[in-house]
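Okay, so the sequence shown: first residue is 44 according to this note's numbering, each after it adds one. Report on one structure; see the data block that follows.
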Amino acid sequence: MFTDLSSPLNGAKITQVSWDFKGFNNGSVKQDVKLCYFKPYRSTPYDCLDISNDKIGSTDFFNGWDPRTRFHLTFSLWGGSYPAFWEHSEKGLLKVDYKY
């Protein structure tokens, strides 16, 4: 029997979520960024946190929630050139800490 040690086991709870992102480089005048949590086995976000003003940060907003799921960063852009492309050389980071 093999265990995927990179995935949290049943009973784990989120203790902190942190991020570091660069955003889009298309000359937009405004970028709204939301960090969205999905409950396990759901296709729509359960709750989102506006992190537009913090390109590097962390939160305890999701503390106590199940880490065996997914998060999305969603970007809404105003102005600039389109289509907007992510700068592939600048990767972002999303880290979910959890405990049992």
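No residue lacks a Cβ here, since even glycine has one placed at the ideal position from N, Cα and C.
In the pairwise beta carbon analysis, the region 68-75 is classified as not touching the region 99-111: fewer than three pairs are separated by under 8 Å. In this structure the region 103-115 lies against the region 80-88, because at least three pairs of beta carbons, one per stretch, are closer than 8 Å. When rounded, the separation of the alpha-carbon atoms in Pro-88 and Trp-121 is 22 Å. Taking each of Ser-50, Gln-59, Trp-62 and Gly-70 in turn and checking the Cα distance to Ser-124, the smallest one comes out for Gly-70. Apart from the 5 residues on each side of it in sequence, His-115 sits with its Cβ closer than 6 Å to the Cβ of Cys-79 in its chain, given in chain order. Collapsing the DSSP output to three states places Gly-100 in a strand. Contact between Ile-57 and Phe-105 is confirmed by a C-beta separation of about 5 Å, below the 8 Å threshold.
The alpha-carbon separation between Tyr-143 and Pro-126 amounts to approximately 43 Å. The DSSP-derived three-state label of Asp-109 is coil.
Counting of Cβ neighbours within 10 angstroms places Phe-128 among the exposed residues, the total staying below 16.
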